[in-house]
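Okay, here's the thing in structure tokens:
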């Protein structure tokens, strides 16, 4: 089982400029380690950072249970790990520090470089959360098959996706990426949400969090697949699973921006045409 997924950095400016290019992913299991840096002749690290200001052997990441560790092999540079789902939280890893634990589920590793900074992203999708009524630990820990963080942005996307079925009927149409963007944008944390980001979160939920199918490299595309039919089937399966196992419930709708009901239509005597239907939920 993959516990850490690394989104490898783009190696060339030409690749960075290719719109729609899917990111390259590196999947790691518990106890597995990968080095990062410029590399030395005949020994290329798994995570290549080409900036000449980055050490040849800059550091190492290790998948450890439901989190990961970062080792800084530099003698002079401090590395920063940013929480991509937080409000500016980050941890600093001092020069020479080995095995620093990183608790974030979505992280960006930032190294000082000649060309600004060198970065790569690390995801730890198997984070564990306490269940209601959990007692003392005896023996091996029970691993939750669905480790969802209700404070994360991907969970907001899932709630918005499930909303029509929770409010209406099982046959209600599911919202598209653009509709989810408009639904969540009033939230402060979603002001910069885009369609591609929504597709990214849907892929992340499908492949890494709820594991609806075998994880493939294209599953975490930052731009989303182009096959509309496949996207629709994926979202349908995602909503079906989330509602079947109560991963999203009615109380989670309070996480979404409040809908304001449209004004009541005018009386028949005040208009020549039929009244307009009210939009929004009461």
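In the working numbering, the protein residues as written are 20 to 301. Built from N, CA and C at the ideal position, the CB exists for glycine as well. Note that the structure is predicted; figures quoted are calculated from it, not measured.
1) Residue 266 and residue 167 look like a contact to me (Cβ under 8 Å); what is the Cβ gap, rounded to whole Å?
2) What would DSSP say about residue 186, mapped onto helix, strand or coil?
3) Under 9 Å, do residue 215 and residue 196 count as touching if we go by C-beta distance?
4) Exposed or buried, which one is residue 78 when buried takes at least 16 other CB atoms within 10 Å?
5) Could you tell me if residue 177 is buried or exposed, where buried requires 16 or more neighbouring beta carbons within 10 angstroms of its beta carbon?
6) Beta-carbon within less than 7 Å of residue 131's beta-carbon, same chain only, minus the 5 sequence neighbours each way: which residues are those?
7) Return the Cβ separation of residue 143 and residue 86 in integer angstroms, given the expectation that the two are a contact with Cβ distance under 8 Å.
8) Looking at the secondary structure, which residues open and close the beta strand (DSSP E) in which residue 78 lies?
9) For the alpha helix (DSSP H) that contains residue 197, what are its first and last residues?
10) Is the distance from the Cβ of residue 90 to the Cβ of residue 101 below 9 Å?
11) So if DSSP puts residue 270 in a beta bridge, which residue, or which two residues, is it bridged to?
12) Let's see if you can read the secondary structure: which residues bound the beta strand (DSSP E) around residue 126?
13) Cα separation between residue 218 and residue 190?
14) When the distance is taken between beta carbons, is residue 179 closer than 9 Å to residue 229?
This is what the structure gives:
1) The residue given as residue 266 occupies position 247 in the chain shown. The residue given as residue 167 occupies position 148 in the chain shown. Indeed, because the Cβ distance is near 6 Å, the residues count as touching under 8 Å.
2) Residue 186 sits at position 167 when you count from the first residue of the chain shown. Helix at residue 186.
3) Taking the first residue of the chain shown as position 1, residue 215 is located at position 196. Taking the first residue of the chain shown as position 1, residue 196 is located at position 177. The answer is yes: Cβ separation under 9 Å.
4) Counting from one through the chain shown, the residue named residue 78 turns up at place 59. Classification for residue 78: buried.
5) The count along the chain shown starts at 1 and reaches residue 177 at position 158. Looking at its Cβ environment, which holds 16 or more other Cβ atoms inside 10 Å, residue 177 is buried.
6) Taking the chain shown and counting its residues from 1, the one referred to as residue 131 is at position 112. Cβ neighbours of residue 131 beyond the five flanking positions: 72, 96.
7) Taking the first residue of the chain shown as 1, we reach residue 143 at position 124. Taking the first residue of the chain shown as 1, we reach residue 86 at position 67. Confirmed, Cβ separation roughly 6 Å.
8) If you number the chain shown from 1, residue 78 lands on position 59. Start and end: 78-83.
9) Against the chain shown, residue 197 aligns to sequence position 178. Start and end: 196-203.
10) Here the question's residue 90 lines up with position 71 in the chain shown. Here the question's residue 101 lines up with position 82 in the chain shown. Taking 9 Å as the Cβ cut-off, residue 90 and residue 101 do not qualify as a contacting pair.
11) Walking along the chain shown from the start, residue 270 turns up at place 251. BP columns for residue 270 are empty, so no partner.
12) Reading the chain shown from its first residue, position 107 is the one you call residue 126. It spans 125-132 - the beta strand (DSSP E) in which residue 126 sits, taken as one unbroken run.
13) Here residue 218 refers to the residue found at position 199 of the chain shown. Here residue 190 refers to the residue found at position 171 of the chain shown. Residue 218 and residue 190 have their C-alpha atoms some 22 Å from each other.
14) In the chain shown, the residue the question calls residue 229 occupies position 210. In the chain shown, the residue the question calls residue 179 occupies position 160. Contact flag unset, no.
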